[in-house]
Amino acid sequence: MTSSNSAAAVTAPEAEFIHVPNTLRMKVGPRFGGVDAAAVARAEQALKSLSGQFGQWLQDEIDKLESARLAIKGDGPTAEGMDRIYLHAHDLKGLGATYEYPLISRVAGSLCKLMDEPVGRVGAPLFLIDAHIDAIRAIVRGSIRDPSHPVGLALANALEMRVGDYLKSNGSSTRP
């Protein structure tokens, strides 16, 4: 190799940069402004003004779940009845923390995980469904609002463990 060849190998050709216009920005508009602190404060105040009704609304949701459970006890585990339990558990999963009972959200989430796959819902163990519903009722009865409450935490942990064991033994999905 000559010295002129090695010099040519070291120098790279010039690069060309292509700048693509941001058409999304033109379609969406300029950046969104910051969070409107006043709007957030109004929303928090509205939620606080409704908090006196949380107890009744929560009880209404639990009553729906209990009604679905009683239908299963009477009619047996039908697809429609198990879907109703799942639906009401899913509602409680979302509403528990809003209604100031975060452990209800956790326990209802465990029940949803147990029944998450529609094809396996009818075969979900009734004793485990009952245990979840009874735990939700116990959390309300004991007014357990602290997510680190030792009894509530023990209930939630035990139920989640049993659901995990059941799903593993049945080859079901254990996604979160």
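Residues in the sequence shown are numbered from 1183 upward in steps of one, following this note's numbering. By construction, the Cβ of each residue, glycine as well, lies at the ideal position given by its N, Cα and C atoms.
- Annotation: the continuous alpha helix (DSSP H) that includes Tyr1348 extends over Pro1332 to Ser1351.
- Counting only runs of at least 3 residues, the region 1227-1291 fully encloses no beta strand (DSSP E) element at all.
- Between Ala1317 and Leu1337, the alpha-carbon positions lie close to 7 angstroms from each other.
- Three or more pairs of CB atoms, one per stretch, sit closer than 8 angstroms, so the region 1236-1255 contacts the region 1312-1326.
- By the neighbour-count criterion, in which a residue is buried when 16 or more other Cβ atoms sit within 10 angstroms of its Cβ, Arg1303 is buried.
- Three or more pairs of CB atoms, one per stretch, sit closer than 8 angstroms, so the region 1291-1311 contacts the region 1264-1276.
- For the options Pro1284, Tyr1348 and Leu1293, the alpha carbon positioned closest to that of Leu1335 is the one of Pro1284.
- In this structure, DSSP gives Phe1309 a helical state, which the three-state scheme calls helix.
- Linking Ala1220 to Leu1229 through their CA atoms gives a straight-line distance of about 14 angstroms.
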